[in-house]
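What follows is a set of notes on a single structure, which appears directly below.
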Amino acid sequence: MGRRGLGEFEQQVMLTILQLGGESYSVPMVLELEERGGREISQAAVYIALCRLEEKGLVRSRMEAASETETGRERRWFRVTPEGLEKLRETRRTFERFWEGLDGVAEEA
Amino acid sequence: MSGPGSPPPVPGPIAWALARLIDERERRLVLAELAELHAAVAARHGVPEADRRYLRQLRRYPVLLALRRVRATARLPGGGDGELRRAGRGLASSPVLSLTIVATLALGIAGCAVVFSMVEALYLSPLPYPDADRVARIYTDAPPNRFPFSVVDFQALEARQTSFERVGAYRNASRALAGDGGVELMRVVEATPGLLETWGLAPRWGRTPTRAEGAPDAPATVMVTAGFAERRMGVATPADAIGRTLTLDDQPWEVIGILPPDLGPLARGSEIVPTLRLEPPSRKGPFFLTVFGRLAPGVEPAAARTELRALNEELFPLWADSYQDRRASWGLEDVTAYARGEAGPLLGVLMGAVGLMLLIAVTNAVNLLLARFGSRAREMAVRRALGASDGRIWWHLAAESAWLAGLGGALGLASAYVGIRALPVVAGDWLPRAGEATLGGYTVAFASGLAGMATFLFAIVPAIHGRKDVHLGADLRSGGRSSTDGRSQQRTQRLLVAGQLAVVTPLLVGTTLLLASFAKLQDVEPGYAAEELLMVNVALGPTRYANGGRRADFWEPAISSLAAIPGVAGVTLSSERPPDDVGNVNNFRLEDRPPPAGESEPVAPWITVDRSYFDVMGIPIVEGRGFGAGDLDEGAPPVVVVDEVWARLHYPGESPVGRRLYAGGRTSGPRTTIVGVASTVPYQGVGTSPLGAMYEPTRAGLVNAWLIVRTSGDPGTAASAVREALRQTDPSVPIVSMATGASLLHDSFTRPRHLSLLLGTFSAVALALAVIGLYGITAHFVQRRRSDIAVRLALGGAPGSVIGRTVWQGLRLTLAGLAVGLLATLPLTGGLSALLYEVEPRDPLALAAAAVLLVAVSGVACLVPAVGAARVDPAAVLREE
Chain A
1 MGRRGLGEFE QQVMLTILQL GGESYSVPMV LELEERGGRE ISQAAVYIAL CRLEEKGLVR
61 SRMEAASETE TGRERRWFRV TPEGLEKLRE TRRTFERFWE GLDGVAEEA
Chain B
110 MSGPGSPPPV PGPIAWALAR LIDERERRLV LAELAELHAA VAARHGVPEA DRRYLRQLRR
170 YPVLLALRRV RATARLPGGG DGELRRAGRG LASSPVLSLT IVATLALGIA GCAVVFSMVE
230 ALYLSPLPYP DADRVARIYT DAPPNRFPFS VVDFQALEAR QTSFERVGAY RNASRALAGD
290 GGVELMRVVE ATPGLLETWG LAPRWGRTPT RAEGAPDAPA TVMVTAGFAE RRMGVATPAD
350 AIGRTLTLDD QPWEVIGILP PDLGPLARGS EIVPTLRLEP PSRKGPFFLT VFGRLAPGVE
410 PAAARTELRA LNEELFPLWA DSYQDRRASW GLEDVTAYAR GEAGPLLGVL MGAVGLMLLI
470 AVTNAVNLLL ARFGSRAREM AVRRALGASD GRIWWHLAAE SAWLAGLGGA LGLASAYVGI
530 RALPVVAGDW LPRAGEATLG GYTVAFASGL AGMATFLFAI VPAIHGRKDV HLGADLRSGG
590 RSSTDGRSQQ RTQRLLVAGQ LAVVTPLLVG TTLLLASFAK LQDVEPGYAA EELLMVNVAL
650 GPTRYANGGR RADFWEPAIS SLAAIPGVAG VTLSSERPPD DVGNVNNFRL EDRPPPAGES
710 EPVAPWITVD RSYFDVMGIP IVEGRGFGAG DLDEGAPPVV VVDEVWARLH YPGESPVGRR
770 LYAGGRTSGP RTTIVGVAST VPYQGVGTSP LGAMYEPTRA GLVNAWLIVR TSGDPGTAAS
830 AVREALRQTD PSVPIVSMAT GASLLHDSFT RPRHLSLLLG TFSAVALALA VIGLYGITAH
890 FVQRRRSDIA VRLALGGAPG SVIGRTVWQG LRLTLAGLAV GLLATLPLTG GLSALLYEVE
950 PRDPLALAAA AVLLVAVSGV ACLVPAVGAA RVDPAAVLRE E
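Now the structure itself:
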């Protein structure tokens, strides 16, 4: 699966990190994904997607110690790597090629 | 500890699974982030929603993490992935066989998982009370009975005990709740101050009652659940209900606390918790308080038990004039066991039945796989010739098994999920706490374990035969046929079929026993004319109809207005109703046979009836007289009528008429005279009347009673007229329930009916599977012997002898299985004895019936291929050879 394109959910997760200012941890991401997707999101799915993306080198994480957060609980912050950004762009270009000349269809409800 | 702000505790199975899937640091992080999400959701949607979502989110973790790990290992080096794919394709190429195996396995696993979910709910899940192992139920221990506390007992316990941090008590009651839509009777739990603290439950908002609010003259206070506040009190948030007033039984009750939505199994279904204000007692009884204590830190249950016994000793002499049972003391039991109730034996029987069914399904699948493996001997031989090792072939079998068991397990779990949802509907009224079962971690683990075991069995049996029978060369030369007929494989297949038939036997016997018992129960004469009766339960509020005279102001006009309805032949009133609703079991003291010193008085259901009761119900008076008008007069001497069972119990061989007794724990004062003996009617369920019954006459004093209407036609048609007549008598009095006598009698058989049906279904499926196995093996036998049979027929053998020989081949297996099965059944049926009525667990007739059924069905299964064998055209077969 390693060389294949990005899954839909993986794209959504990465885009959400970017939407949240380029760095985020899972809680705001779940809430944002729910807000934009209009359905309940499993935090476990987000967690696993992030692990997978990190293995592929598309996101990078750093830990924030419990003493530094306002809730007193540990957090792991994620950031999209340059490779990740490039992969997102590439995916979008691929899609756009497929959509080319289909504006009429796209406008339909 | 859960409370507002912090998420609920992580359920044991999930914690266990997480510990195995991710390391400590990751786990801490996951839980911290989930907790933060919980807080965010709580702020937006409230704590209950956040709790629900938290648990939902939590449950997803082990599933998704495990899936991820499986995917990772499926891609491991060594070609495992490819083998799995190849095995999948192989199975897909024989879809009927694969689907049969998957479906039967799924059925067995689903059945086991559904029953196990109840075991999990009752035995493995912690009660929703913090440190529930420190909570105990305290009861009056009069072996073999355990009964509640009296007010005297509870107040003494509360004042003197030192073993418990807190004690509290409740009683179940019904209260008329006034609302916009009229009056509705609600089940409530009346609790002393301290009960909620004892259970470890805290109100979400507001407070629990203070000690002072439990005093008899204290203002009336009440707690309600958050759900009740939102639905019934018209408030925006539950907290707004605090300080408002509920009207219960025409009296105002001030709401002081809002409870969590679910009070757990100790008070499930109740949403209103009025503060119990205990009147100072004048005598030791009655006993109606269910008492709980929370053990103080460092106090062991044994020490608490010792203290309870000592306190009871101290208390006994103070109340000896109204309570003489010296053997009774105070006992302590684990609250988990108390909450579990009486589901144990029933679950045992069900678990046994589904377990046997699963065993048959697995055996069946192994047998099918073995047959398939035999017919694939050539394929295996080719693979070996091409250099596949034993290990490789074994791995192929394991991969096939994993597919079958995995699919069967998954389908079984999915069916179990549906089955568990359906459980309260299907079994709610005969299996205690059926509604609490969920597809929890233990159940999933249990079902996965079963699937794992099936994988192992599926792989191991053919693998063993693979080694013995498949020899390179031999199979290629013989076109694979010699190994199809491999002797050891045949023997194993026959053994498996016989084993299945042996396992079916206890199921068939159990079903036969339950059916026989059910038939006997239905044949029992109820002792009253249940047809053409309409029974209406009505409850008066104690305030409006505060005393006997005022209650008569309702009952008398109600009876007259019902009697005036066209088609009504008679109306009467009773505090209890047959066949299975009695609330009042009272003690008494026979004047001429007092109990020996230090022993408790006898008890019997005590039924307060209008004097027309025996006539309207159609209960004959067999000796003496029924009640007359004079028995209701002011100052008339108290009288009772007893039933035949009572008479036999207390005056065997003598007449009880004219004897006298003290009612309800007294030893002096007016005596009650027995004036007649009525024929026996069950009040504690058809077929059980161990204590007999005593009737006393009344019209006025009843608060919650049954108006019993006899009609001259279908009683159902009178229902609306009855409802209207009661509404006109007093619209504020709620009708609790209304049913025809026939339907109440029918409903009292719900449990045996459902149990017979369920066990019958299991047995039918098991029997079908086993017999299909027998059919298969007999057909196989015929197939192999085609040429022998053809020769025999060609030489003039009679077709009848061919049929006979073939059937005997199969029936031998049945008889062997039956013999082993019956031997195994005898110790097992004892578990059923609690569920049987007038049928012995080893009833020879039931054993014989099960045996005959098994032999007959087996005979048919063997006969079909045997007849086919006798029709073989010898010439055609011999030409083929």
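Here the protein sequences line up with chains A and B, keeping their order.
Last residue of the first sequence: number 109 in my numbering, and the count goes up by one each step with no gaps.
Last residue of the second sequence: number 990 in my numbering, and the count goes up by one each step with no gaps.
For each residue, glycine too, the CB sits at the ideal point set by N, CA and C.
Item	Value
Between the C-alpha atoms of serine 283/B and valine 966/B, what's the straight-line distance to the nearest angstrom?	54 Å
Kindly say whether arginine 686/B, judged by its beta-carbon, lies nearer than 7 Å to any beta-carbon of chain A.	no
State yes or no: is the C-beta of alanine 628/B nearer than 6 Å to some heavy atom of the ligand HEM?	Looking at this structure, you won't find the ligand HEM or any other ligand, since it has none at all.
Using the DSSP secondary-structure output, state which residues sit across from asparagine 696/B in a beta bridge.	Val712/B
Determine which residues share a DSSP beta bridge with tyrosine 760/B and list them.	Note: tyrosine 760/B sits in no beta bridge, so no partner.
In chain B, which residues lie with their C-beta within 8 Å of the C-beta of isoleucine 48/A?	Leu173, Leu174 and Arg177
Within the 7 Å Cβ cut-off, does alanine 141/B reach chain A?	yes
Return the residue from the list Gly939/B, Arg481/B, Pro390/B and Gly801/B that minimises the CA-CA distance to leucine 506/B.	Arg481/B
With burial defined as no fewer than 16 other Cβ atoms inside 10 Å of the residue's Cβ, what is the status of aspartate 578/B: buried or exposed?	Any reading at aspartate 578/B must be qualified, since the residue scores a pLDDT of 47, below 50, and its modelled position is unreliable; the value itself is stated next. Label assigned to aspartate 578/B: buried.
According to the neighbour-count rule (16 or more other Cβ atoms, all chains shown, within 10 Å of its Cβ), is proline 82/A buried or exposed?	exposed
Please list the terminal residues of the continuous alpha helix (DSSP H) segment that includes valine 750/B.	Per DSSP, valine 750/B belongs to no alpha helix (DSSP H); it is in the beta strand (DSSP E), 748–752.
Per DSSP, isoleucine 381/B is paired with what?	Val297/B and Val333/B
Where does glycine 402/B land, buried or exposed, given buried means 16+ other C-beta within 10 angstroms?	buried
According to DSSP, which residues form a beta bridge with arginine 994/B?	In this structure chain B extends from 110 to 990, so residue 994/B is not present and cannot be described.
Using a Cβ cut-off of 7 Å, pull out every chain A residue sitting near leucine 170/B, in sequence order please.	The sequence shown places tyrosine at residue 170/B, not leucine. In chain order: Ala44.
If leucine 532/B sits next to valine 874/B, beta carbons under 8 Å apart, how far is it from one beta carbon to the other, in whole angstroms?	In fact, because the Cβ distance is near 19 Å, the residues do not count as touching under 8 Å.
For arginine 988/B, which of helix, strand or coil comes out of DSSP?	helix
Can you have a look at proline 361/B and say buried or exposed, based on whether 16 or more other CB atoms are within 10 angstroms of its CB?	exposed
To the nearest angstrom, report how far apart aspartate 103/A and glutamate 8/A are at their CA atoms.	22 Å
Below 8 Å, can you find three or more Cβ-Cβ pairs linking the segment 317–327 of chain B to the segment 398–417 of chain B?	no
Any C-beta of chain A within less than 8 Å: which residues of the segment 148–163 of chain B qualify?	Ala148, Ala149 and Arg162
Alpha carbon to alpha carbon, what distance is there between tryptophan 815/B and proline 390/B?	29 Å
Who are the near neighbours of alanine 772/B in its chain, counting only those whose CB is closer than 6 Å to its CB and skipping five residues on each side?	Phe697 and Thr781
Looking only at DSSP bridge pairs, what is alanine 848/B linked to?	Met644/B
Applying the 10 Å Cβ sphere with the 16-neighbour rule, what's the burial state of histidine 154/B?	exposed
Going by the CB atoms, is the gap between leucine 922/B and alanine 607/B shorter than 7 Å?	yes
Determine contact between the segment 245–254 of chain B and the segment 437–450 of chain B, defined as no fewer than three beta-carbon pairs at a distance below 8 Å.	yes
Which residues in the same chain as glycine 785/B place their Cβ atom closer than 7 Å to its Cβ, once the five residues preceding and following it in sequence are excluded?	Ile730, Glu732, Gly733, Arg734, Gly735, Val750 and Val766
Hey, is glycine 187/B's beta-carbon within less than 7 Å of any beta-carbon in chain A?	Its pLDDT being 46, under 50, glycine 187/B is placed unreliably in this model, and the value from its coordinates should be taken loosely. No, glycine 187/B does not count as interfacial toward chain A.
Counting only the same chain and skipping the five closest in sequence on each side, list residues whose C-beta sits under 7 Å from that of serine 272/B.	Leu404, Ala405, Val408, Ala412, Ala413 and Glu416
Distance, Cα to Cα, alanine 713/B vs proline 374/B?	29 Å
Is arginine 586/B close to chain A, meaning its C-beta is less than 7 Å from at least one C-beta of that chain?	Per-residue confidence for arginine 586/B stands at a pLDDT of 45, beneath the threshold of 50, marking its modelled position as unreliable; no derived number is given.
Under 7 Å Cβ-Cβ, which residues of chain A neighbour alanine 144/B?	Arg73
Which residues of the segment 125–137 of chain B have a Cβ closer than 7 Å to any Cβ of chain A? Give them in chain order.	Arg137
Going by DSSP in three states, tyrosine 654/B sits in which element: helix, strand or coil?	coil
With 9 Å as the C-beta to C-beta threshold (strictly closer), list the residues of the segment 7–37 of chain A near chain B in chain order.	Tyr25, Ser26, Val27, Pro28, Val30 and Leu31
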